[in-house]
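Quick mapping for you: the protein sequence lines, in order, are chains S and C. Plus 253 on top of the position in the first sequence (first one is 1) and you've got my numbering. Plus 21 on top of the position in the second sequence (first one is 1) and you've got my numbering. Scroll down for the structure; my scribbles are underneath it.
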Amino acid sequence: GNSVTQMEGPVTLSEEAFLTINCTYTATGYPSLFWYVQYPGEGLQLLLKATKADDKGSNKGFEATYRKETTSFHLEKGSVQVSDSAVYFCALGGGSASYDKVIFGPGTSLSVIP
Amino acid sequence: NAGVTQTPKFQVLKTGQSMTLQCAQDMNHNSMYWYRQDPGMGLRLIYYSASEGTTDKGEVPNGYNVSRLNKREFSLRLESAAPSQTSVYFCASKPGLSGYTFGSGTRLTVV
């Protein structure tokens with residue numbers, strides 16, 4: 254079945270450091286891929302998405318490219334801020350039906366220190 | 022503000038008690054979902070509703086029931102709470118193939 258694997262956390266970075274959070278997936282067909290972010294005490298928010306191979310999703314300085322050949326969707330940011338401290342979830346959306354279920358990775362906790 | 026509203030935000034139950042978690046969305050989305058979030062396990066789907074009047078089991082449905090009351094509302098019921106159901110519960114809705122919109126969660130403790 255479909256699954257998502259993320260790098261283990263927690264990740265601690267200094268402000269302005271480069272961020273990479275690895276995500277790989279296993280899926281049949283052509284899923285959509287997502288990154289969600291969860292700030293402390295809040296629900297998950299969609300950060301970015303890509304719907305087909307070689308698409309690049311971007312938002313708030315974060316980027317991720319849908320790599321079908323390596324089944325990856327790594328999240329990157331060139332210069333992190335303290336306000337980026339949160340838990341990041343890679344996710345995979347299934348088929349073409351409107352009710353398709355999204356499968357989440359376990360999450361990677363990021364702490365950015367001044 | 023448009024979005025997904027969950028109530029209550031916090032709840033403590035004794036083992037064997039029952040309760041209903043409420044969820045409402047005002048974005049006219051057809052699909053709605055209930056997830057639970059546990060440390061180190063990410064989010065696991067409990068039940069979902071593709072449209073008004075339909076519900077289906079997700080990955081971890083045991084011990085739960087749901088009702089899609091109308092297009093806006095999707096409730097989750099625990100008939101006899103157990104300590105294993107201590108978790109944070111999230112409701113979400115989705116418009117077609119786009120990503121979810123999540124509620125802010127209900128933190129449930131069963132003692």
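C-beta: ideal position from N, C-alpha, C; glycine also.
The CB of F357(S) comes closer than 7 Å to the CB of G63 and L64 in chain C, given here in chain order. Cβ-Cβ distances below 7 Å link Y292(S) to A339 in the same chain, with the five nearest sequence neighbours on each side left out; the list follows chain order.
Looking only at D59(C), L97(C), G126(C) and Q106(C), the smallest Cα-Cα distance to T36(C) is reached by Q106(C). Taking a C-beta distance under 7 Å as the contact criterion, E80(C) and R57(C) do not qualify as a contact pair.
Residue-level contact check: G24(C) does not touch chain S, since none of the beta carbons of chain S fall below 7 Å from its beta carbon. With 16 or more other Cβ atoms inside 10 Å of its own Cβ, P284(S) counts as buried. Here A113(C) is bridged, per DSSP, to Y54(C) and F123(C). Counting only Cβ-Cβ distances below 8 Å, F31(C) has no contacts in chain S at all, with the closest Cβ about 11 Å away. With respect to the 7 Å criterion, Q259(S) and P359(S) are classified as neighbours on the basis of their beta carbons. With 16 or more other CB atoms across the displayed protein chains lying within 10 angstroms of its CB, M53(C) is buried. Within the region 97-111 of chain C, contact with chain S at the beta-carbon level (separation under 7 Å) is assigned to F111.
In summary, V132(C) is exposed, with fewer than 16 beta-carbon neighbours lying within 10 Å of its beta-carbon over all protein chains present. Within the model, the alpha-carbon separation for A306(S) versus L34(C) is close to 47 Å.
Annotation for S364(S): P263, V264, T265, L266 and S338 place their beta carbon closer than 8 Å to its own, counting only its chain and skipping 5 residues before and after. For D337(S), the three-state secondary structure derived from DSSP is helix. A distance below 7 Å separates the beta carbons of R128(C) and V109(C). Within the region 258-307 of chain S, the complete beta strand (DSSP E) runs of at least 3 residues fall at 264-267, 272-274, 276-279, 285-291 and 297-303. Only residues of its own chain outside the window of five on either side were considered, and among them Q43 have a CB closer than 7 Å to the CB of T28(C), listed in chain order. For N86(C), the enclosing beta strand (DSSP E) covers residues Y85 to R89.
Between G310(S) and L301(S), the C-beta gap is smaller than 7 Å, which places the two residues in contact. Closer than 7 Å to the CB of S125(C) there is at least one CB belonging to chain S.
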